[in-house]
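These notes are about the structure you will find just below.
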Amino acid sequence: MKIIALCLFPIILFTTFTSCQPVKIFEKSGGIQLTCVLPDNSAETFKLTENIIRQRLSAIIKDNINIYNSSGKMVIQIPGLYQDDLERIKFLCCSQGKMDFWETYDINEIVPYLNQINDTLYKLFLHHQLDIVKTGLQPEEITDSVARHLLFRLLYLPVIETEAGTEFRKGHCLGNALLSDTTVLNYLFKIPEISRLLPFDLQLLWTSYSKQYHEEEYIEMIATKTNYSHRSLINENSVINVKTFELKWGGYSIEMEFNPEATEIWKRMTSNNTGKSIAIAIDGRVNTYPWVVQQITNGRSQISGNYTKEQADNFCILLKNKALPASLTVDQSEIIKR
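Heads up, the sequence shown is in our numbering, so the first residue is 31 and it goes up one at a time.
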């Protein structure tokens, strides 16, 4: 909301906000109240973010909602929804909604670099140039044996047994890691001595979902290809139509139709990547990675993630509206009861 002086005085536009009195929207019924932090607190960004959130929520809520500024934070009040709706509301209000299509590397193209990285980490350890605390280990736990295989202690490469022996499973997945180890791996790959070893166009992304194995949560690391601009040629602005549909074997998928420019790019992209995967990421996390069987000329694509109806609908809502300037962070969530 823009704060301006009354018209009796010269008009002044402020770039920051002061607290304002919220509308008493919960008088007749309770609801959900989110207090969110915006990375950019300018008046222009606040108003744009507010408008996009209102558009998103209008797809599932007919009642009026109230959005106002409170000491630089965005407060979102939604009547008539309660605990069961909280996670969905957080997703729709706080997700940036950016979508990117990326070509992928095969693991066999990247393994030599991973071996170099593992060796370099060991050298950094020997020269006391590795921040042990950020590795998630205590100093007494870092034995010489652990340090020699630090990367592969955290990232489990996908291997299969064949008649010829042990091989890496063909595809874009570099490996699986414990959900709790992703922060450590992110740190290791950003170390200057490590990042300079990787191809300039290699972009490592995590999947948006985890899988449980022996009561532990694991997540996949995907090897995608980027470019000098780090912007995908097909993104959320390329979509002109999106809808959900139910899969025969259960779950829901999302079908997208591209604009003419993106249709031509998609045609070239699928032609150049037949027999490979293309990763589809939302907000920097890979949601799916369809295997390209042949060139696609009709300007359509699917996101198949065995979603529930609500999850698929949520993604459609994001893609039907503009992306937020940036993701929001929930500072506080409340269930108001009446």
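The beta-carbon is built from N, C-alpha and C at its ideal position, and this holds for glycine as well.
Partner residues in a beta bridge of Ser-88, as assigned by DSSP, do not exist. Sequence-distant partners of Thr-65 (beyond 5 residues in either direction) whose C-beta falls short of 6 Å from its own C-beta, in its chain, are Lys-103, Val-105, Asp-361, Gln-362. Annotated three-state conformation of Lys-103 is strand, per DSSP. The three-state secondary structure of Ser-283, taken from DSSP, is strand. In this structure, Asn-289 keeps its C-beta atom at 8 Å or more from the C-beta atom of Phe-198. Taking C-beta separations shorter than 6 Å and ignoring five residues to either side along the sequence, the partners of Gly-60 in its chain run Ile-366, Lys-367, Arg-368, following chain order. By the CB criterion at 8 Å, Ile-333 and Ser-283 fall inside the cutoff. Straight across, the Cα-Cα distance linking Met-129 with Leu-234 is about 16 Å.
Taking all protein chains in view, the Cβ of Asp-93 is surrounded by fewer than 16 other Cβ atoms within 10 Å, so the residue is classified as exposed. If you draw a 10 Å sphere on the C-beta of Ala-207, you find 16 or more other C-beta atoms in it, and that means buried.
The beta carbon of Leu-228 sits closer than 7 Å to the beta carbons of Tyr-143 from its chain, once the five residues preceding and following it are set aside; these are given in chain order.
Straight across, the Cα-Cα distance linking Leu-116 with Cys-123 is about 11 Å. Leu-116 sits in a helix when the DSSP states are folded into three classes.
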